[in-house]
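Novice: Going by UniProt numbering, the sequence shown runs without a break in its numbering and finishes at 252.
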Amino acid sequence: MNGSDAGLPSCYRERRPAVPHPFVACWWEQRVGDDRDGYVQRVVPDACADVIVSSAGTAYVVGPATSVQLPRLAGGERLWGLRLRTAAIGAALGLPARELRDLQVPLAELFPPREAARIAGDVRDGRLPSVLDTGARDHRVEHAVGRLLRPASRVSAVADHLGISERHLRRLVADHTGLEPSTLQRVARFQRFLALSDAGGRAPGLAELAGRTGYADQAHLSREVRALSGLTPSALLAERRRSVPHGEETAR
């Protein structure tokens, strides 16, 4: 965040670990402008979960989403967040991640009060709470998620690679990520579309974007983007171009 952000509706910045961490995707901070009406933010599925602390005094976990969310943030509000990696949600929080799907849960409902307060303080200060760094990793899940996120991956092939049934794979992935394998693939495809759209250089047309990001055709892209974002592809991309560019830095 910097002085040039003054007067803008919202400013957002991410800070990624200097060394990749099995549980942490990034820390982030957001500051909402002082407009008395606040700011409505479009939050689209990204297959992650966030531990969020607000300057209003609340702390909560937002589970992995399957549809768009449109929270209204208060004018002047400040938020600090810790984003958990897709494969680590269940292990970090110590519960089946499917229980958090499409939910916002107060931190104090998931942890004892003192522990919840320590977690909130660590997140606000940009540290990794020790209690979230002790969960048992399941390397099968990490391998499964890595393969499911690839373009053109098949659930049956991933199950065969791990030597388990498709039913077992669905249960394993849902318990650790909060999403079924097919939903995880759907969100990953949508995120590939956003990443390619946001990349600099020549702006591809929608038909080209569909072909390069794993959609059957432009009509398929349009249906999926509307379902996951609430907007047509053109409207979503126009909204993102109007939004404030977020900053990113690496932890030191």
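The beta carbon of each residue, even a glycine, is placed where N, CA and C say it ideally should be.
By alpha-carbon positions, which one of Ser10, Ala108, Leu84 ends up nearest to Glu29?
Specialist: Minimum Cα distance to Glu29 is reached at Ser10.
Novice: Whose C-beta lies closer than 7 Å to the C-beta of Ala88 among residues of the same chain, with five residues either side of it excluded?
Specialist: These residues qualify, in order along the chain: Pro22, Phe23.
Novice: Just list the beta strand (DSSP E) runs in the stretch 102-156, keeping only unbroken ones of 3 residues or longer that don't cross its boundaries, in chain order.
Specialist: Taking only runs of at least 3 residues, the beta strand (DSSP E) segments lying wholly in the stretch 102-156 are 104-106.
Novice: Quick check: the Cα distance between Ala238 and Ser197, rounded to an integer number of angstroms?
Specialist: Near 11 Å, if we compare the C-alpha coordinates of Ser197 and Ala238.
Novice: Exposed or buried, which one is Ala116 when buried takes at least 16 other CB atoms within 10 Å?
Specialist: Result: buried.
Novice: With a 10 Å radius around its C-beta and 16 neighbouring C-beta atoms as the bar for buried, classify Arg242 as buried or exposed.
Specialist: When all chains shown are included, Arg242 counts as exposed.
Novice: Need the endpoints of the beta strand (DSSP E) that Asp50 sits in, please.
Specialist: Residues 49-54.
Novice: Whether or not the stretch 65-84 and the stretch 44-51 are in contact is what I'm after, with contact meaning three or more pairs of Cβ atoms, one per stretch, closer than 8 Å; do they touch?
Specialist: Short answer: they touch.
Novice: Could you say if the stretch 45-61 and the stretch 74-84 meet the contact criterion of at least three C-beta pairs nearer than 8 Å?
Specialist: With a cut-off of 8 Å, the stretch 74-84 and the stretch 45-61 count as touching, because enough Cβ pairs lie within range.
Novice: Counting C-beta neighbours from all protein chains within 10 Å, is the total for Gly90 16 or more, i.e. buried, or is it exposed?
Specialist: So Gly90 counts as buried.
Novice: Let me make sure I understand the geometry here. Which of Ala199, Thr86, Gly135, Ala59 has the alpha-carbon closest to that of Cys26?
Specialist: For Cys26, the nearest C-alpha among the options comes from Thr86.
Novice: Using 8 Å as the cut-off, can you tell me whether the stretch 182-193 makes contact with the stretch 218-237, which would need three or more C-beta pairs spanning the two stretches below that distance?
Specialist: Verdict: yes, contact present.
Novice: Taking the CB atoms as reference points, tell me whether Ala144 and Leu132 lie closer together than 8 Å.
Specialist: Cβ distance not < 8 Å, so Ala144 and Leu132 don't count as in contact.
Novice: Should His176 and Ala97 be called a contact, given that it needs their Cβ atoms to be closer than 8 Å?
Specialist: Yes, they are a contact pair.
Novice: By the DSSP assignment, the alpha helix (DSSP H) with Glu14 in it spans what residues?
Specialist: Glu14 -> not in any alpha helix (DSSP H); beta strand (DSSP E) instead, spanning 10-16.
Novice: Thinking C-alpha only, which one of Gly94, Glu99, Gln104, Val32 is nearest Thr58?
Specialist: Comparing Cα positions, the closest option is Gln104.
Novice: Run through the UniProt domain "HTH araC/xylS-type" (139-239) for me and flag every whole alpha helix (DSSP H) of 4 or more residues, listed as ranges in chain order.
Specialist: DSSP runs (the alpha helix (DSSP H)) wholly in the UniProt domain "HTH araC/xylS-type" (139-239): 139-148, 155-162, 166-177, 181-198, 206-213, 218-229.
Novice: Quick one: residues in its chain with C-beta nearer than 6 Å to the C-beta of Asp34, no 5 flanking neighbours on either side, listed in chain order?
Specialist: For Asp34, where only same-chain residues beyond five positions count, the Cβ hits under 6 Å are Gly75, Gly76.
Novice: Contact check, Ala152 vs Gly214 under 8 Å by CB: the rounded distance?
Specialist: Correct: roughly 7 Å between the Cβ atoms.
Novice: DSSP on Gly38, reduced to helix/strand/coil?
Specialist: In this structure, Gly38 counts as coil in the three-state DSSP scheme.
Novice: What does a CB cutoff of less than 6 Å around Val123 pick up in its chain, not counting 5 residues either side in sequence?
Specialist: Hits under 6 Å: Val51, Val53, Trp80, Leu82.
Novice: My output table needs one value for Ala59: the three-state DSSP class, helix, strand or coil.
Specialist: Note: Ala59 maps to strand in three-state DSSP.
Novice: Whole angstroms are fine: how far does the CA of Arg127 sit from the CA of Ala18?
Specialist: So the alpha carbons of these two residues sit roughly 13 Å apart.
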